[in-house]
Amino acid sequence: MSKLLVKADKGHGRVAHVTPQNAGWTYVGFDLHRLRPGETASGQTANREVCLVFVTGKGKAKAGGKDLGLLGERMSPFEGKPWSVYVPQGSDWSVIADTDLELAVCSAPGLGGGLPVRVIRPDDLGQEVRGKGTNTRYVTNILPEGKPADSLLVVEVITPGGHTSSYPPHKHDQDNLPAESYLEETYYHRLNPPQGFAFQRVYTDADRNGARALDEAMAIEDGDVVLVPKGYHPCAACHGYDLYYLNVMAGPKRTWKFHNAPEHEWLMKS
């Protein structure tokens with residue numbers, strides 16, 4: 225199995241755990257908690273900032289000493305918009321599940337920005353349609369670069385069955401602004417219906433001999449996490465199965481500037 229593919233544990237509790245240390249990179253962390261009613265997830269941000277995303281379900285949240293009340297709304301990631309909470313560095317947080325709850329904990333380095341705890345409500349979130357034809361997908365911006373944070377960029381995308389996404393292939397692995405930014409990235413995938421599968425390829429440019437430093441093609445199942453340390457990273461959803469993914473990105477500068485694969489850039493003009 226590819227080292228870029230993280231299979232979430234079955235059952236409950238913290239079922240996925242990605243850190244800069246076990247991913248072999250510098251910035252992005254991602255945990256997934258699957259909780260029954262009454263169960264709790266909690267943490268201390270230390271020198272990192274966190275975005276809690278209520279992927280599904282409801283829970284009572286506290287952060288930075290504040291009682292945030294009952295948050296969450298949707299029971300499927302394929303409907304509506306999520307509730308989220310931004311938690312700055314140096315803060316504690318906890319969520320007690322009120323229903324079955326799937327909670328994503330997205331993290332990246334804090335930079336001492338002194339930002340407050342804030343609830344990000346569904347009505348606060350912008351949505352957009354990207355692409356056309358069988359490259360159409362639906363994007364919800366949870367923590368885009370136009371909203372306050374130190375390092376984190378968080379977004380979720382729904383790709384209908386039979387469509388491609390993160391396509392034409394693009395990358396953001398060079399600290400070369402304004403042309404391209406360096407951003408590590410995780411993809412947390414869900415399928416509807418859940419027995420389906422999709423595909424994701426993570427690959428770098430070929431050298432003059434046609435060899436690639438990285439070239440992994442993965443079958444994605446419901447609950448999988450894919451690591452994108454560098455390179456292009458397109459997805460394809462199979463007919464009959466819609467694909468949801470939650471992206472977490474972070475790097476030395478909080479901006480998303482990507483570079484399209486030159487051989488496929490003609491698709492942007494067709």
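For the sequence shown, the residue numbers in the working numbering are 225 to 494.
Positions of the beta carbon are idealized from the N, C-alpha and C atoms, including for glycine.
- In the three-state reduction of the DSSP assignment, ASP429 falls in the coil class.
- Annotated three-state conformation of HIS236 is coil, per DSSP.
- CA-to-CA, the gap between GLY289 and SER300 works out to about 29 Å.
- Here VAL353 is exposed, its C-beta having fewer than 16 other C-beta atoms within 10 Å.
- In the structure shown, the three-state DSSP call for THR479 is coil.
- PRO346 is positioned such that its CB atom lies no closer than 8 Å to that of GLY314.
- Relative to the Cα of GLY370, the nearest Cα in the group ARG361, ASP348, LYS282 and GLY235 belongs to ASP348.
- Relative to ILE382, the option among GLN351, SER331, ARG436 and MET492 whose CA is nearest is GLN351.
- Judged by DSSP in its simplified three-state form, ASP347 adopts helix.
- The continuous alpha helix (DSSP H) containing PRO244 extends over residues 244 to 247.
- Less than 8 Å divides the Cβ of VAL311 from the Cβ of ALA287.
- Comparing alpha-carbon positions, the option among LYS284, ALA441 and ALA403 lying closest to LEU327 turns out to be LYS284.
- Taking all protein chains in view, the Cβ of GLY281 is crowded by 16 or more other Cβ atoms within 10 Å, so the residue is classified as buried.
- Assigned with DSSP and collapsed to three states, THR358 falls in helix.
- In this structure, ASP255 is the residue among ARG436, ASP255 and ASN271 with its C-alpha nearest to the C-alpha of ALA265.
- Straight across, the Cα-Cα distance linking GLY355 with LEU491 is about 10 Å.
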